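Peer 1:
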Amino acid sequence: MRAVQITEFGGPEVLRLTDLPDPVPGPGELLVEVDSAGVNYADTHTVENSYLSRATLPLVPGAEVAGRTPQGRRVVALSGSGGYAEKAVVPEALTHDLPDSITDGQALALIVQGLTGWHLLRTVGRLAPGESVVVHAAAGGTGSLAVQLAKEYGAGRVIATASTKEKRDLALELGADVAVDSDPEGLTERLIEANGGHRTDLVLEMTGGPVFDASLAALAPFGRLVTYGMASRTPATPVAPARLMARSHAVIGFWLVHCVRRPGMFHEPLDDLLAMTSAGRLRPLLGAVHPLADAARAHEDLRARRTTGKLVLDVRA
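Its first residue numbered 1, the sequence shown is counted upward by one per residue in UniProt numbering.
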């Protein structure tokens, strides 16, 4: 089968198309004939071995696939790795059947980014009706869905951040009440101004570094900052407990891995997201679709912040 494999860690240049033997499923696993594979920002960390879990070589990246089982079931699944290939082995427990009303691209947008947005707002962020929400990278895969979900779940004001006017306009189109420049310089003041001069209740933050620092400074008493990424690859300033106590702030980490095997935290939220999409209440934002051989280009675009929405590899191309 054709697959994109890495045999050394590094940047996009280490992603190479090759031929590999078909994978063989073990107990509790399914073989999926992959039609489309999702590309996540976390994949760029995996390829350079800088993510939360350590990778081993050789490796076929790709944590999510859409396709069919040999029995003809159309599914979307979390693969952990091995997704950038014509065939992938996936855990049966993390495989979800797809209705005909959902495209592969929509399903891939929902299984990681959609679930992440759902849990950021409901499980860890605990959004209450009327609260203000800051969504960073609001034109990206997770951010574009989180903007819509925040409105769906009763946020009083959704404040989007993005790096370009085009991305900010897109966030407004998706339902954000206001969109501001994501440049860390002056970001705290822009967030407070965008919230009518008031500090914010909930921030969804995946950049790290100075954006994390500016976001924490913009929180209201009892405000929560949920950190779920480190896209800048720059560490934030360490947070002293006394600083949190002084303003009754909370900093909460989130990693979707801790949800997927817990009862009620994978299939049920995914059903909710799929139903909202089928009903037209949620619009997964699809970005570029690249052929499998162009996986390196997809990674280059992600790291250069040239993308919006969900990136997909068309494995059949």
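Glycine included, each C-beta is placed from N, C-alpha and C at the ideal position. Fair warning: this is a prediction, and the values are worked out from it, not measured in the lab.
Between which two residues does the beta strand (DSSP E) harbouring Ala179 extend?
Peer 2: Here the beta strand (DSSP E) through Ala179 covers Val178 to Asp181.
Peer 1: Residues in its own chain within less than 7 Å of Leu170 by CB, not counting five upstream and five downstream?
Peer 2: Within the same chain, Leu170 has close Cβ partners Ala139 and Thr308.
Peer 1: CB-CB under 6 Å to Thr116, same chain, minus the five flanking residues each way: which ones, in chain order?
Peer 2: Same-chain partners within the cutoff: Thr142 and Leu256.
Peer 1: Kindly indicate which residue of Lys167, Ala160 and Pro184 has the alpha-carbon position closest to the one of Thr200.
Peer 2: Nearest C-alpha to Thr200: Ala160.
Peer 1: Secondary structure at His299, three-state DSSP: helix, strand or coil?
Peer 2: DSSP places His299 in helix when its eight states are reduced to three.
Peer 1: Leaving aside the five residues before and after His249 along the sequence, list all residues of the same chain whose C-beta is less than 6 Å from its C-beta, in chain order.
Peer 2: If we look at His249 and ignore the five residues flanking it on each side, its Cβ neighbours are Leu219 and Gly223.
Peer 1: Please name the residue, chosen from Leu145, Lys165, Arg168 and Pro129, that lies closest to Arg157 on a Cα-to-Cα basis.
Peer 2: Nearest option by C-alpha distance: Pro129.
Peer 1: With a 10 Å radius around its C-beta and 16 neighbouring C-beta atoms as the bar for buried, classify Thr277 as buried or exposed.
Peer 2: With 16 or more Cβ atoms within 10 Å of its Cβ, Thr277 is classed as buried.
Peer 1: My assumption, with CB atoms under 8 Å, is that Val133 sits in contact with Pro61. Please give the rounded CB distance.
Peer 2: Wrong, their Cβ atoms sit about 31 Å apart, outside the cutoff.
Peer 1: By Cβ distance below 8 Å, which residues in the same chain neighbour Asp19 in space, the five residues on each side in sequence not counted?
Peer 2: If we look at Asp19 and ignore the five residues flanking it on each side, its Cβ neighbours are Met1, Arg2 and Ala3.
Peer 1: Count the other CB atoms, across all protein chains shown, that sit within 10 Å of the CB of Lys87; report buried if there are 16 or more and exposed otherwise.
Peer 2: Flag for Lys87 reads buried.
Peer 1: What are the start and end residues of each continuous beta strand (DSSP E) run of 3 or more residues lying completely inside the region 92-153, in chain order?
Peer 2: Whole beta strand (DSSP E) segments, 3+ residues: 95-97 and 132-135.
Peer 1: Is it the case that the Cβ atoms of Pro263 and Gln106 are separated by a distance below 7 Å?
Peer 2: No, the pair does not count as a contact, with Cβ atoms beyond the cut-off.
Peer 1: Since Leu110 and Leu274 are thought to touch, with beta carbons under 8 Å apart, how far apart are those beta carbons, to the nearest angstrom?
Peer 2: Leu110 to Leu274, Cβ: 7 Å. Contact.
Peer 1: For Leu202, name the three-state secondary structure that DSSP assigns.
Peer 2: Of the three classes helix, strand and coil, the one that applies to Leu202 here is strand, per DSSP.
Peer 1: Based on Cα-Cα distance, which residue from Pro221, Asp183, Gly197 and Pro58 lies nearest to Phe212?
Peer 2: Here the closest residue by C-alpha is Asp183.
Peer 1: For the 8 Å Cβ check, are there 3 or more pairs between the region 174-189 and the region 68-77?
Peer 2: Segments in contact, no.
Peer 1: Give the secondary structure of Gly209 by DSSP, where H, G and I count as helix, E and B as strand, and everything else as coil.
Peer 2: The answer is helix: DSSP assigns Gly209 an H, G or I state.
Peer 1: Ignoring anything shorter than 4 residues, give me the alpha helix (DSSP H) runs that lie fully in the region 245-286, in order along the chain.
Peer 2: Runs of the alpha helix (DSSP H) inside the region 245-286: 267-278.
Peer 1: Cβ atoms of Ala296 and Pro12: under 7 Å apart, would you say?
Peer 2: Result yes, Cβ atoms of Pro12 and Ala296 sit closer than 7 Å.
Peer 1: I'd like the span of the beta strand (DSSP E) that includes Ile159, first residue to last.
Peer 2: Where Ile159 is concerned, the enclosing beta strand (DSSP E) stretches over Arg157 to Ala162.
Peer 1: Give the C-beta separation of Ile6 and Leu52 to the nearest angstrom, bearing in mind that I take them to be a contact with Cβ-Cβ under 8 Å.
Peer 2: Ile6 to Leu52, Cβ: 18 Å. No contact.
Peer 1: If the criterion is Cβ atoms closer than 7 Å, does the pair Leu225 and Val260 meet it?
Peer 2: No, Cβ-Cβ distance for Leu225 and Val260 is not below 7 Å.
Peer 1: If we count the other Cβ atoms within 10 Å of its Cβ and call it buried at 16 or more, is Met230 buried or exposed?
Peer 2: When all chains shown are included, Met230 counts as buried.
Peer 1: Helix, strand or coil, according to DSSP, for Ser36 in the structure here?
Peer 2: It is a strand residue.
Peer 1: Looking at the strands, I want to know which residues DSSP matches up with Ile6.
Peer 2: Its beta-bridge partners are Leu59.
Peer 1: Can you grab the Cα-Cα spacing for the pair Tyr84 / Glu64, in whole Å?
Peer 2: The alpha-carbon atoms of Tyr84 and Glu64 are separated by roughly 9 Å.
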